[in-house]
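Going line by line, the protein sequences match chains A, B and C. Convert by adding 3 to the 1-based position in the first sequence; the result is the number in the numbering used here. Counting from 1, position 260 in the second sequence corresponds to residue 242 in the numbering used here; the numbering is continuous, with no gaps. Convert by adding 9 to the 1-based position in the third sequence; the result is the number in the numbering used here.
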Amino acid sequence: MTLKWKFSLLAAASAACALLFIFWNVIGSWDYVVPRRSLKIAAIILTGGAIAFSTVVFQTLTNNRILTPSIIGLDSLYMLIQTGIIFLYGSASINMLNKNINFFVSAVCMILFAGLLYRFLFRREGQSIYFLLLVGIILGTFFGSVTTFMQVLLDPNEFAIVQDRMFASFNNVNTDLLVLSVIVVALVSLYSLRFTKYLDVLSLGREHAVNLGVNYDHVVKRLLMVVAVLISVATALVGPITFLGLLVANVAYQFFGTYRHSVLIPGSMLISIIALTGGQFIVERIFTFSTTLSVIINFVGGVYFIYLLLRENKS
Amino acid sequence: MKKRYLWLALIALSITSVFVGVKNITPLDLFSLTEAQQHILLVSRLPRLISIIIAGVSMSIIGLIMQQLTRNKFVSPTTAGTMDSARLGILVAMLLFTSASPLEKMLVAFVFALAGTFIFMRILDKVKYKDAIFIPLVGLMFGSIIGSVTTFFAYKHDLIQNISSWLQGDFSMVLKGRYEMLYISIPLVIIAYLYANRFTIAGMGEEFSTNLGLKYKQVVNIGLILVAAVTSVVLLTIGSIPFLGLIIPNIVTIYMGDNLKKVLPHTALLGAVFVLACDILGRVIIYPYEIPIGLTVGVIGSGIFVYLLVRRRAFA
Amino acid sequence: MIEVKNVSKKYGNKTVVEPVSVNVAKGKITSFIGPNGAGKSTLLSMMSRLITKDSGEVLIDGVELGKSKSSDLAKKISILKQSNHLNVRLSVRDLVAFGRFPYSQGRLSKEDWVFVDEAIRYMELDDMQEKFLDQLSGGQKQRAFIAMTLAQDTEYILLDEPLNNLDMKHSVQIMKVLRRLVDELGKTIVIVIHDINFASCYSDHIVALKNGRIVKEGPTDEMIDTDVLREVYDMDIPVQTIGDHKICVYFA
């Protein structure tokens, strides 16, 4: 299959999934159902694209295909914030509290956290990226301990609300936030465009990249920040889907069999959109909400990851 | 760090631990215990003390064993998926055998913990790039994957809050008749002590140990079985105590070097002292309420771990 | 010319390279020799901006390293380190094409491909240019990486132990290529090398390091000398002349 064919295939599949999702079995007023579903699809495309893009970039920066950007503690921080709000102000607050404020608080906290982490760890020269990740994970565990503590103390009704937040959901995305997220994601992507030409070279590792004239520290810091912003916005918008990126990035590597980011990035974005729209369609229309999509994606992504680890370097 | 000071600290903290609590008992009361006081001592305070010491000692020691076997300072039940696998095991036991006794649950958890640790070791064999930092990263990723599988099933059966409260490390639930399973880890720790040197050699690799006439596979398997067994026993009776097996051995080896026989007693003592101190702290801070040990150790432990990492980098 | 002036490097409180000064002449092969831990590779990495220096300056044709843009430097000086494990699966041709990045920023023109083809031919990789790197032997892989630095077409080429893990035949082959690069194309090459006989047979100038200091430097002829070598390696090495070459007999 040539590259063109592969892309056409993916584009057709994602369009089909999206259309199926919007127009399948519309009951009642089209004027009501179709715009609502379109909004959902828009949120899915935005988050799916952002997560796929940032995961591919992140894996290139870390020279590792088994890592996913939210492991630096962003997901745990999000859960901490959500649990904290309910714990401190009660379940009424989360409904009372303007959704937009919640979005801002979560997104800003996550971006700040990532920024501080990078700042702290890049202060010394020669710090390995793995070190940064490990510190991030540890802080994630720390947030997790505090979250668990609060969750245990919540009464079951309040916990049910927290539990809703534990899993990404595209059901309650409102238009204002979506528009805002689209703007942020678009701006950030536009900014990162000037660095994309370095990605192929960066995948050779630091020494080769420096030798070939890439201003390594400068580029890596900025790209890491781009990744953090994209993941934060996506998470604040719909909730955490930790292993989606891992899944789609690796499927893209397999499917395209190339190192070129000009292929990998759009490819993984399409795959991500197919996984989410297709998955959401199946979950919503076939299982009719008995479980949430992100739980399934984490499960599938997780099993795939173990397979990858066991297969890695077998050749 | 002299062993003598550790003993002193252990004794002092043990005494404190016995006399801290909602029901007031002072050392003087020992000579004229009322029946109620006697009851509290025997049913709650002493079991608590014993379980803290056993948990602290055994978790630190198996942490040390894991680090010897993998020759990586940052591997421990928390950072190798052992803890998460055991947790999955407990969930499976809860779902499939609803009426299972704690011992049966422990067995299931043990099987899962063992399988999880084996998978991690296999992954380690495959990973070519054995960077000291990269390996725990893989372990933590692996752990969170197992965690996502657990969540998948827990969510389906509406058990998420149940399981997280159940498995949060907490000594306040330790009462006479409910913690005795913890004694299982005492013989395990003794075996670990006897095998100590062999674990060190096995850590040097299969060829190295075969050359020295060691049955490599056997020793590694014994090590992993010990690790899995202790982890599941502690997880089931106390709950998860993150990072314990990681920070204690690291602190000790910073002062004492890597000779396992020499390091073991210190590790055991420091483990007990650390958990005791954290437990007392958790009981005092918001007195008369309690902060569970999982949280205190989680918070203090992650702080110390990050410090150790930064330190290691600075002297690399 | 590369001028190294009082450059030093410390890790923690361990000094790896004391302040050293050395000049690398144009159009020559300069070899860095010395025992393990002498600081050869560290010095080479500092000369090529791979790691930062704690003090001193490195001037390339009179301009300080830190004052030039990294992307401009990549057209002037290239470095190849000894461990080259890649996490991406590339064909030989893809890898060599990466050498043109400083000129093309990833979009290779016809002219760039001409350089790529030439580099491949120069390293005799024509037959295997479509093969993936992980299918090659150690020597072939090493040649592919050198071809990449050739495609980079820089005046200065720095190589850190290019003969590591190579058998005799391939070692000689690579040293001959380096010699040709200097003689035919006028390149300036600096290598870190362990085998002093290769240094003796192929280089013009030798710099001997020990414990982070330069013990002695000079033309090859002066440096391959029992007294000098004793100072560097702490052992007596008889030197015999065989044909045109001075050979060190350090085996017994």
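Using N, Cα and C, we set each Cβ at its ideal position, and we do this for glycine too.
- The residue from A:Tyr310, A:Ile48, A:Leu273 and A:Thr280 with its alpha-carbon nearest to that of A:Lys9 is A:Leu273.
- For A:Gly305, the residues of chain B that pass the 7 Å Cβ criterion are Ile127, Ser130 and Val131, in the order they occur in the chain.
- Burial is judged here by how many other beta carbons sit within 10 angstroms of a residue's own beta carbon; B:His21 has fewer than 16 and is exposed.
- Taken through DSSP and simplified to helix, strand or coil, C:Ile200 comes out as strand.
- Residue contact with chain A for B:Tyr137: present (Cβ-Cβ distance below 9 Å to some residue of chain A).
- With a contact defined as Cβ atoms closer than 8 Å, C:Ser17 and C:Thr24 qualify at about 7 Å.
- Annotated three-state conformation of B:Tyr161 is coil, per DSSP.
- At a cut-off of 9 Å, the C-beta of B:Lys108 has a neighbouring C-beta in chain A.
- Beta-bridge analysis with DSSP links C:Phe41 to C:Val201 and C:Val216.
- Annotation for B:Ala68: Ala91, Phe94, Ala95, Thr213, Ser214 and Leu217 place their beta carbon closer than 7 Å to its own, counting only its chain and skipping 5 residues before and after.
- For C:His254, the uninterrupted beta strand (DSSP E) run begins and ends at His254 to Cys257, by DSSP.
- Secondary structure remark: continuous alpha helix (DSSP H) runs of at least 4 residues inside the segment 73 to 109 of chain C, in chain order: 79 to 82 and 101 to 107.
- A:Asn101 sits in coil when the DSSP states are folded into three classes, being neither helix nor strand.
- When beta bridges are read from the DSSP output, C:Gly227 appears opposite C:Ile215.
- Interface criterion met: the Cβ of C:Ser57 is under 9 Å from a Cβ in chain A.
- Secondary structure note for C:Asp169: its beta strand (DSSP E) is the uninterrupted segment Tyr165 to Asp169.
- Sorting C:Thr51, C:Ser212, C:Gly148 and C:Lys196 by C-alpha distance to the C-alpha of C:Lys62 places C:Thr51 at the top.
- Under DSSP, B:Glu272 takes part in no beta bridge, so it has no partner.
- Runs of the alpha helix (DSSP H) lying entirely within the segment 127 to 203 of chain A, each at least 4 residues long, are 132 to 156, 159 to 169 and 178 to 195 in chain order.
- Look at A:Ser32: its C-beta is not under 9 Å from any C-beta on chain C.
- Among the residues of the segment 262 to 275 of chain A, those with a Cβ less than 8 Å away from any Cβ of chain C are Tyr262, in the order of the chain.
- In the structure shown, A:Gln62 adopts helical secondary structure according to DSSP, grouped into three states.
- For the segment 275 to 292 of chain B, the residues whose beta carbon sits under 7 Å from a beta carbon of chain A are, in order, Gly276, Leu277, Gly280, Val281, Ser284, Phe287, Val288 and Leu291.
- When the beta-carbon positions are compared, C:Leu89 and C:Pro28 stay at least 9 Å from each other.
- Counting other Cβ atoms within 10 Å of its Cβ, A:Tyr256 reaches 16 or more and is therefore classed as buried.
- Taking the Cα of B:Leu251 as reference, the smallest distance to any Cα among B:Ser42, B:Ile72 and B:Ser26 is reached at B:Ser42.
- A direct Cα-Cα distance of roughly 13 Å separates A:Val251 from A:Leu13.
- In the pairwise beta carbon analysis, the segment 282 to 290 of chain B is classified as not touching the segment 177 to 189 of chain C: fewer than three pairs are separated by under 8 Å.
- Under a criterion of Cβ atoms nearer than 8 Å, the residues of chain A adjacent to C:Pro111 are, in order, Leu215 and Gly216.
- By the Cβ test, the segment 162 to 181 of chain B is in contact with the segment 189 to 208 of chain B, since at least three Cβ pairs between them sit closer than 8 Å.
- DSSP links C:Ile251 through a beta bridge to C:His254.
- The bridge partners DSSP lists for C:Phe141 are C:Ser100.
- In the three-state reduction of the DSSP assignment, A:Val29 falls in the coil class, being assigned neither a helical nor a strand state.
- For C:Ile11, the enclosing beta strand (DSSP E) starts and ends at Ile11 to Tyr20.
- For C:Phe124, the CB contacts under 7 Å within the same chain, skipping 5 residues up- and downstream, are Arg109, Ala160 and Asp162 in chain order.
- Between B:Leu46 and B:Val234, the C-beta gap is smaller than 9 Å, which places the two residues in contact.
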